Amino acid sequence: MALKKVVYLLEYPIDLPGGAQMSTLSICEGLSAHPEYGYEPVVICPELLSRRKEDYAFRILTYPMGEKRIPNLWKRIRYFKKYLQEGDYSLIHIQMSESLITYGFIRRFFGKLPYIYTDRGLFFGYRKRSLFFMLPALKRSRMLVTTTDFNRRLWEEGSKIRPISVIPNTINDKLFGSYDEQRRRGRKHAGFTLGLAGRICVEKDWPFAVEFVKALKTAGLDFRVDLVLSTFEKGDDEKVRQITEGIREAVGEGNLEVHLNHTQEQMADYYYDVDVFLMTSSFESFGKAALEAMSRKCAVVSSRAGGLPEVIGKEENLYDRQGFEKGVRYVKMLAENPEKLEKDREFFYNRYRSLYTEEKYIERHRRLYDEII
Numbered sequence: 004m005a006l007k008k009v010v011y012l013l014e015y016p017i018d019l020p021g022g023a024q025m026s027t028l029s030i031c032e033g034l035s036a037h038p039e040y041g042y043e044p045v046v047i048c049p050e051l052l053s054r055r056k057e058d059y060a061f062r063i064l065t066y067p068m069g070e071k072r073i074p075n076l077w078k079r080i081r082y083f084k085k086y087l088q089e090g091d092y093s094l095i096h097i098q099m100s101e102s103l104i105t106y107g108f109i110r111r112f113f114g115k116l117p118y119i120y121t122d123r124g125l126f127f128g129y130r131k132r133s134l135f136f137m138l139p140a141l142k143r144s145r146m147l148v149t150t151t152d153f154n155r156r157l158w159e160e161g162s163k164i165r166p167i168s169v170i171p172n173t174i175n176d177k178l179f180g181s182y183d184e185q186r187r188r189g190r191k192h193a194g195f196t197l198g199l200a201g202r203i204c205v206e207k208d209w210p211f212a213v214e215f216v217k218a219l220k221t222a223g224l225d226f227r228v229d230l231v232l233s234t235f236e237k238g239d240d241e242k243v244r245q246i247t248e249g250i251r252e253a254v255g256e257g258n259l260e261v262h263l264n265h266t267q268e269q270m271a272d273y274y275y276d277v278d279v280f281l282m283t284s285s286f287e288s289f290g291k292a293a294l295e296a297m298s299r300k301c302a303v304v305s306s307r308a309g310g311l312p313e314v315i316g317k318e319e320n321l322y323d324r325q326g327f328e329k330g331v332r333y334v335k336m337l338a339e340n341p342e343k344l345e346k347d348r349e350f351f352y353n354r355y356r357s358l359y360t361e362e363k364y365i366e367r368h369r370r371l372y373d374e375i376i
C-alpha cells in the first residue's frame, strides 16, 4: 500500500522545546510507528539545533533561519515553495502562525492541494496585523483545528472561518505514558509538597505565584515547594532570584527546592515528588503542564485562565485570580485530608488516560486526515 504523504510546516526547529514542536513530534512518531494508518509524515522546519535528522523516524527537510523577521519570511517563502514542489504530498498540516502567513503567499502555486491549520494559541491572542495575513489563508484551508472547545468558540464568535474541529493536545508517550507507583512511593520527602513549574514569562505571572504561596503559609499550612523554572531571555536570572527569594521567605530555607531548565526526561521524574501541582497562569491556551502532572497522579489546582478549565474538568479545583482565596482553601483542604487528596489524584490520572493520551491524539488526527483526503 502506497503511503500518503502529510507535510508539516514549522517556523522553529522541531528539536527546540515548545508546544507546537512537541505536538508535531507526537503525530509524526505515531504515524511512523503505525504505517497501517496509511500516512508518511514529512517535516519542513529550520535547521536543527542539537539533534541530527537521522535521529528521527521520519523525514525532515530544513532551511536556514536568522534573527530578523522579514529576512526569515523570505527564506521560508523560498524553501516552503521549493520543498512543496519537489514532494508528492496529499495534505499540508501547518503548525504555527508564521508558517500559515508564509504559506498564504505561495498557496496559489499548489492549486487543489488541501491544507489545514492547528491554532495552538487563542483567537484573542493574535495581533490585528497577524490576523490580517492569517485570515485570507484560513478562508481557503480545509479545516481550522483548535486544541479546546473554548478556543473553537472564540473563533466562531470572532471570525467567519469554517469549518473548525477540536483535537485536544497531548504529551510525550515515551516519557509520560507509563506510571510507576514505586517511584511515587519512593519519593524524596514525606510531607505535603506543592509543585510549580513553567517558563519565565508574563503569562505565567510568577509574582502572583509567590503571593499564592504566601497566602497558603498565612493560612497555617505546613508544606514545601518544589519549583521548576525555565529561562530563555536576558534578565530572566534576576526574575528567578526574585521568585525564589519570595517563596523562600514564605516557606523557609529548608522547604524550597529549585530546579532550572529541566529536560522533559527530568520533568517526567519531577512530578512524582509533587502532591498538588498549582497553575497560576494569567493566559494559557491549553496547559500541557497540567497533563504532565495528571499523568503522574498529581492533583491539579488551577487559575481559570484560557483553556485550563476545560483541561482540568473539575470546578472545585479552579479559582479566579481575583479572590483566589478559594484556591488557597482548596489546596489547604487537600493537604489536610489524605483521603480527598487520593480521590483527586485518581480523578486526574483517569482523566488523562481517558482523554489526552498520545494514542488518542494520533487516532484523532488519522480520522481527520481520512476525512479530508
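Position one of the sequence shown corresponds to residue 4 (the working numbering), numbered consecutively onward. Yeah, the Cβ is synthetic: ideal placement off N, Cα and C, and Gly gets one too. Remember, predicted model here, so these are calculated numbers, not experimental data.
Look at the Cβ atom of residue i, then the Cβ atom of residue j, and state whether they are nearer than 8 Å.
i, j, result
"Q98", "Y40", "no"
"T149", "T360", "no"
"L138", "L147", "no"
"V254", "F215", "no"
"Y182", "K300", "yes"
"A293", "V314", "yes"
"Y92", "Y106", "no"
"S288", "L28", "no"
"Y129", "S100", "yes"
"V243", "V279", "no"
"S26", "F61", "no"
"R324", "S298", "no"
From what residue to what residue does the alpha helix (DSSP H) around residue i run?
i, result
"M336", "328-339"
"P210", "209-221"
"Y364", "361-375"
"K177", "176-179"
"M146", "No alpha helix (DSSP H) contains M146, which is instead part of the beta strand (DSSP E) from 146-149."
"A271", "267-273"
"Y11", "Y11 -> not in any alpha helix (DSSP H); beta strand (DSSP E) instead, spanning 7-12."
"V46", "Counting along the chain, V46 falls outside any alpha helix (DSSP H), though it belongs to the beta strand (DSSP E) covering 42-49."
"T27", "22-36"
"T247", "239-254"
"E184", "184-188"
"E313", "311-315"
Grouping DSSP H, G and I as helix and E and B as strand, with all else coil, what is residue i?
i, result
"C204", "coil"
"G198", "strand"
"I97", "strand"
"M282", "strand"
"R342", "Residue identity check: residue 342 is Glu in the sequence provided, not Arg. E342: helix per DSSP, three-state reduction."
"I17", "coil"
"I63", "strand"
"E349", "helix"
"R324", "coil"
"I164", "coil"
"D91", "coil"
"S133", "helix"
"D152", "helix"
Can you tell which of the options has the C-alpha that lies nearest to the C-alpha of residue i?
i, options, result
"N264", "E159, I250, G290, F235", "F235"
"T221", "R332, L358, P44, Y372", "R332"
"K217", "N258, L34, L232, E57", "N258"
"Y389", "S53, A60, I80", "Residue coverage of the chain in this structure runs from 4 to 376, which leaves residue 389 outside it and unanswerable."
"Q267", "L19, E14, L13, K7", "L19"
"E318", "N353, A293, V304, Q325", "V304"
"I164", "G128, I203, D122, A200", "D122"
"Y15", "Y42, P38, I30, V46", "V46"
"G180", "E366, R356, G201", "R356"
"K56", "H37, P38, L94, I17", "I17"
"I375", "I95, K78, F61, R111", "I95"
"V261", "L232, V277, Y275", "L232"
"P341", "G326, A302, G310", "A302"
"G189", "P44, D272, K177", "D272"
Can you give me the C-alpha to C-alpha distance between residue i and residue j, rounded to a whole angstrom?
i, j, result
"L371", "W158", "19 Å"
"E349", "A296", "12 Å"
"G69", "F211", "35 Å"
"Q377", "E362", "The requested residue 377 does not occur in the structure, where the chain is confined to residues 4 to 376."
"E206", "L64", "32 Å"
"G249", "V213", "6 Å"
"P166", "V228", "44 Å"
"G114", "S102", "18 Å"
"T196", "L281", "11 Å"
"S133", "I104", "8 Å"
"L87", "L76", "16 Å"
"P3", "K84", "Since the first and last residues shown for the chain are 4 and 376, residue 3 lies out of range."
"L199", "E89", "46 Å"
"S285", "F351", "22 Å"
"I109", "R143", "13 Å"
"Y274", "K291", "13 Å"
"G310", "K191", "33 Å"
"R145", "F127", "22 Å"
Could you tell me whether any non-hydrogen atom of the ligand MN is closer than 7 Å to the CB of residue i?
i, result
"E361", "Only the bare structure without any ligand can be found here, which leaves the ligand MN out of the picture."
Is any beta-carbon of chain D found at less than 8 Å from that of residue i?
i, result
"L138", "No chain D appears in this structure, which consists of one protein chain only."
Need the endpoints of the beta strand (DSSP E) that residue i sits in, please.
i, result
"S424", "The first residue shown for the chain is 4 and the last is 376, placing residue 424 beyond what the model contains."
"I119", "118-122"
"E260", "259-263"
"R143", "Careful: R143 lies outside any beta strand (DSSP E) and carries neither H nor E."
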